[in-house]
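Peer 1: The sequence shown begins at -12 in our numbering and counts up by one. Just so you know, even glycine gets a beta-carbon here, dropped at the ideal spot from N, CA and C. Pasting a structure below so you can have a look.
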Amino acid sequence: MNNITIIGVGHVGLVTGVCLSDIGHQVICYDLDKEKMDQLNTGLSPFYEPGLDELLKKNVNNRRLFFTDSPEEALSDADIIYIAVGTPKQLNDDIDLTYINNAAAMIGEYTTKNNVIVVTKSTVPVGTNTNIKQAIQRNAQKTRNITMVSNPEFLREGSAIRDVFCADRIILGSDCSEAAAIIEEINKPFNVPIFKTDLHSAEMIKYSSNAFLAMKISFINELANLCEKVGADIEEVAVGMGLDSRIGSEFLKAGIGYGGSCFPKDTHAMLKMSEEAGEKPDILKAVMKVNSRQHYVLVEKAKNYFGSLKGKRASVLGLAFKPHTDDIRESPSIMIINELIANGVSVVAYDPKAMENTKKMIGEKIQYASSIEETLTDTDMVFINTDWDEIKTFSLDQYEKLMNRPVIFDGRNCYSLDKISEYKIDYFSIGRQPYW
Ligand code: NAD
-12 MNNITIIGVG
-2 HVGLVTGVCL
8 SDIGHQVICY
18 DLDKEKMDQL
28 NTGLSPFYEP
38 GLDELLKKNV
48 NNRRLFFTDS
58 PEEALSDADI
68 IYIAVGTPKQ
78 LNDDIDLTYI
88 NNAAAMIGEY
98 TTKNNVIVVT
108 KSTVPVGTNT
118 NIKQAIQRNA
128 QKTRNITMVS
138 NPEFLREGSA
148 IRDVFCADRI
158 ILGSDCSEAA
168 AIIEEINKPF
178 NVPIFKTDLH
188 SAEMIKYSSN
198 AFLAMKISFI
208 NELANLCEKV
218 GADIEEVAVG
228 MGLDSRIGSE
238 FLKAGIGYGG
248 SCFPKDTHAM
258 LKMSEEAGEK
268 PDILKAVMKV
278 NSRQHYVLVE
288 KAKNYFGSLK
298 GKRASVLGLA
308 FKPHTDDIRE
318 SPSIMIINEL
328 IANGVSVVAY
338 DPKAMENTKK
348 MIGEKIQYAS
358 SIEETLTDTD
368 MVFINTDWDE
378 IKTFSLDQYE
388 KLMNRPVIFD
398 GRNCYSLDKI
408 SEYKIDYFSI
418 GRQPYW
């Protein structure tokens, strides 16, 4: 059992804290947001993540997990500190390291132990761990020896707990083998393969992995658009491709482009890193260009179908950037909504979990419905933007019944074309032939 401090209690920090306490460590989590810390100490999560509430309650109740907004309480006795603060994109697309730098300054100011290991979970550009170490040293009051371990996180929102317990690998990058061995020991109970490497390579592995996955998505989306033109079906093509073990079937789902808090910002950060290093990141640029275009293919199909969208009423099913999360950061659904509004469409939307976050982001620009049925009622077209189970299994006869004249623009290929052909529905999806 180790005593561990975590700085930053967002998706990554909270899930990390909960999972480390669940395998037996004593964990104290620190965040600036006092209200959030108070709520967490009662066992209530500030965001939706399957399975999180149960594990949170269990470990808060057995006193292995504690939350505080006092940096002194979190850091003064700490010798193993995880940094999990956000590294968002700035308006100019540069990565914002303010939170990282603040966390580093705080570690220097408040730690009292002579030897401290700092583990970076946040996704940071190559070289940042070295800068963090220097920033801690500059502020250090009592701590003399700081060793850095880069431990990039690979969890996915919506399956975060499972992803931690059943990860494909844990990456530990360090220039100190003793520190890496201590963090390896902490992670042993997860029973996940551990790959130890140097600091810079660990930082690079995270960006490379996300950029590669983003590339797979843009590649299949580009193929999907071609399939529509040449009379092929992207769903069939993806199955056939995925059977080749060199390609693999994961991340070959055509749709409306990637979103979320990671892929967009990490591809931008990698682009910047490459350009600063004097490289020409042509593949990465294409990945991002294809993705931006893909967010709008459904609206283009709607324009082609109706001629003009002005004065129409659209329902939007799904707001989160993917199912099983309430996160709408860089969600393609929000981009589609903004594009519809710009084309003079009035929008009514529904999502099982992401309505509150959407209200906070775009407010009363749209109407909100409390069920799929209510969303569809008296609308001219529907956009399926997130493939929640509730949405993709929704009965097709209800579209016929509730809409003015049923027209579906399905960004997630929820329905088979055979099934659609049983109904009087005009149906447009991604990478398949339209049905109308
Ligand atoms: P988040 O925005 O959900 O949470 C960050 C938290 O850090 C916030 O609660 C904020 O209040 C807190 N914070 C900021 N500055 C602080 C400070 N000085 N002291 C204490 N707390 C502070 O971010 P996230 O989604 O958890 O992402 C964290 C990092 O992990 C990012 O670098 C991200 O790229 C990476 N990551 C995220 C995911 C994901 O799915 N969300 C997956 C893998 C990696």
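Does the beta-carbon of I(-6), which I'm using as the reference point, lie nearer than 8 Å to any heavy atom of ligand 1?
Peer 2: Sequence index remark: in the sequence shown, residue -6 carries index 7 (1-based). Yes, Cβ of I(-6) sits closer than 8 Å to a heavy atom of ligand 1.
Peer 1: For G(-3), which three-state DSSP category applies?
Peer 2: Taking the first residue of the sequence shown as position 1, residue -3 is located at position 10. Coil.
Peer 1: Under a three-way DSSP split, which group does K120 fall into?
Peer 2: Sequence index remark: in the sequence shown, residue 120 carries index 133 (1-based). Here K120 sits in helix by DSSP.
Peer 1: Assuming I10 and P176 make a contact with CB atoms under 8 Å, what is their CB distance in whole Å?
Peer 2: Taking the first residue of the sequence shown as 1, we reach residue 10 at position 23. Taking the first residue of the sequence shown as 1, we reach residue 176 at position 189. At roughly 4 Å, the Cβ-Cβ gap stays under 8 Å, so I10 and P176 are in contact.
Peer 1: Do T98 and P139 count as a contact pair if the criterion is CB distance below 9 Å?
Peer 2: If you number the sequence shown from 1, residue 139 lands on position 152. If you number the sequence shown from 1, residue 98 lands on position 111. No, they are not a contact pair.
Peer 1: Alpha carbon to alpha carbon, how far is I395 from D450? Give it in angstroms, no decimals.
Peer 2: Outside the modelled stretch of the chain, which goes from -12 to 423, sits residue 450, for which no answer is possible.
Peer 1: Let me know if V217 comes out buried or exposed under the rule of 16 or more other beta-carbons within 10 Å of its beta-carbon.
Peer 2: On the sequence shown, residue 217 is found 230 positions in, with the first residue counted as 1. Exposed.
Peer 1: Tell me which residues share the same chain as A129 and place their Cβ nearer than 8 Å to its Cβ, disregarding the 5 neighbours each side in the sequence.
Peer 2: In the sequence shown, counting from the first residue as 1, residue 129 sits at position 142. Sequence inspection shows Lys at residue 129; the Ala mentioned does not correspond to that position. Around K129: T98, T99, K100 and N101.
Peer 1: The alpha helix (DSSP H) that contains Y194, what's its start and end?
Peer 2: Position 207 of the sequence shown, counting from 1, holds the residue named residue 194. From DSSP, the alpha helix (DSSP H) with Y194 extends over L186 to V217.
Peer 1: With H, G and I counted as helix, E and B as strand and the rest as coil, what does DSSP make of K100?
Peer 2: Here residue 100 refers to the residue found at position 113 when the sequence shown is read from its first residue. Reduced to three states, the DSSP call for K100 is coil.
Peer 1: Using 8 Å as the cut-off, classify the Cβ of M93 as near or not near the heavy atoms of ligand 1, replying yes or no.
Peer 2: To locate residue 93, count along the sequence shown from 1; it is residue 106. Indeed, a heavy atom of ligand 1 lies less than 8 Å from the Cβ.
Peer 1: Using only alpha-carbon positions, find the residue among P339, R131, S295 and I169 that is nearest to K309.
Peer 2: Counting from one through the sequence shown, the residue named residue 309 turns up at place 322. Here the closest residue by C-alpha is P339.
Peer 1: Is E190 near K252, with beta carbons less than 9 Å apart?
Peer 2: Counted from its first residue, the sequence shown places residue 190 at position 203. Counted from its first residue, the sequence shown places residue 252 at position 265. No, Cβ-Cβ distance for E190 and K252 is not below 9 Å.
Peer 1: Hey, could you find the ends of the alpha helix (DSSP H) T433 is sitting in?
Peer 2: No information on residue 433 is available, as it lies outside the stretch -12 to 423 that the chain covers here.
Peer 1: Name the DSSP beta bridge partners of K76, please?
Peer 2: Reading the sequence shown from its first residue, position 89 is the one you call residue 76. K76 is bridged to I82.
Peer 1: Alpha carbon to alpha carbon, how far is T457 from T362?
Peer 2: The question about residue 457 has no answer, for the chain in this structure spans -12 to 423.
Peer 1: Measure the CB-CB distance between M342 and A301 and report whether it falls below 9 Å.
Peer 2: Residue mapping note: residue 342 aligns to position 355 of the sequence shown, counting from 1. Residue mapping note: residue 301 aligns to position 314 of the sequence shown, counting from 1. No.
Peer 1: Rounding to the nearest angstrom, what Cα-Cα distance links M260 and D80 in this structure?
Peer 2: Here the question's residue 260 lines up with position 273 in the sequence shown. Here the question's residue 80 lines up with position 93 in the sequence shown. So the two alpha carbons sit approximately 12 Å from each other.
Peer 1: For the alpha helix (DSSP H) that A329 lies in, which residues bound it at each end?
Peer 2: The count along the sequence shown starts at 1 and reaches residue 329 at position 342. From DSSP, the alpha helix (DSSP H) with A329 extends over P319 to A329.
Peer 1: Does ligand 1 have a heavy atom nearer than 8 Å to the CB of F141?
Peer 2: The residue given as residue 141 occupies position 154 in the sequence shown. Yes - ligand 1 has a heavy atom lying nearer than 8 Å to the Cβ of F141.
Peer 1: Name the DSSP beta bridge partners of Y422, please?
Peer 2: Position 435 of the sequence shown, counting from 1, holds the residue named residue 422. Answer is Y414.
Peer 1: Quick check: the Cα distance between T115 and W423, rounded to an integer number of angstroms?
Peer 2: Your numbering for residue 115 matches position 128 in the sequence shown. Your numbering for residue 423 matches position 436 in the sequence shown. The C-alpha of W423 is placed about 54 Å away from the C-alpha of T115.
Peer 1: Where does the unbroken alpha helix (DSSP H) through N344 begin, and where does it stop?
Peer 2: Numbered from 1 along the sequence shown, position 357 holds the residue referred to as residue 344. Counting along the chain, N344 sits inside the alpha helix (DSSP H) bounded by residues M342 to I349.
Peer 1: In whole angstroms, give me the CA-to-CA distance for V179 and E172.
Peer 2: Your numbering for residue 179 matches position 192 in the sequence shown. Your numbering for residue 172 matches position 185 in the sequence shown. Their Cα atoms are separated by approximately 12 Å.
Peer 1: Flag E144 as yes when its Cβ comes closer than 8 Å to any non-hydrogen atom of ligand 1, and as no otherwise.
Peer 2: In the sequence shown, counting from the first residue as 1, residue 144 sits at position 157. The answer is yes for E144.
Peer 1: Work out the CA separation of V226 and E237 for me, nearest whole Å.
Peer 2: Numbered from its first residue, the sequence shown carries residue 237 at position 250. Numbered from its first residue, the sequence shown carries residue 226 at position 239. Going by the C-alpha atoms only, they are around 10 Å apart.
Peer 1: Below 6 Å CB to CB, which residues in the same chain sit around D397 once its five sequence neighbours on both sides are set aside?
Peer 2: Taking the sequence shown and counting its residues from 1, one reaches residue 397 at position 410. Excluding positions up to five away in sequence, the list reads I371 and S416.
Peer 1: Under 7 Å Cβ to Cβ from I412, same chain only, skipping five residues before and after it: list those, please.
Peer 2: Working through the sequence shown from its first residue, we reach residue 412 at position 425. Same-chain partners within the cutoff: L383, Y386, E387, P393 and I395.
Peer 1: Quick check: is any heavy atom of ligand 1 less than 8 Å from the C-beta of D80?
Peer 2: Along the sequence shown, one-based indexing puts residue 80 at 93. Result no, Cβ not under 8 Å from ligand 1.
Peer 1: From which residue to which residue does the beta strand (DSSP E) around Y245 run?
Peer 2: Position 258 of the sequence shown holds residue 245. Y245 -> no beta strand (DSSP E), and no H or E assigned at all.
Peer 1: Terminal residues of the continuous alpha helix (DSSP H) containing M24?
Peer 2: Counting from 1 along the sequence shown, the entry for residue 24 is found at position 37. K21 to N28 is the extent of the alpha helix (DSSP H) around M24.
Peer 1: Does the segment 275 to 282 touch the segment 204 to 215, meaning 3 or more C-beta pairs lie closer than 8 Å?
Peer 2: These segments touch.
Peer 1: Should G30 be counted as a contact of ligand 1 given a C-beta to heavy atom distance under 8 Å?
Peer 2: By one-based count along the sequence shown, residue 30 stands at place 43. Result no, Cβ not under 8 Å from ligand 1.
Peer 1: I'd like to know if the segment 71 to 87 and the segment 46 to 57 are in contact, where contact means that at least 3 CB-CB pairs between them fall below 8 Å.
Peer 2: no
Peer 1: Using the DSSP secondary-structure output, state which residues sit across from S137 in a beta bridge.
Peer 2: Within the sequence shown, numbered from 1, the residue matching residue 137 stands at position 150. Its beta-bridge partners are T107 and G160.
Peer 1: Quick check on DSSP: helix, strand or coil for A336?
Peer 2: Counted from its first residue, the sequence shown places residue 336 at position 349. Reduced to three states, the DSSP call for A336 is strand.
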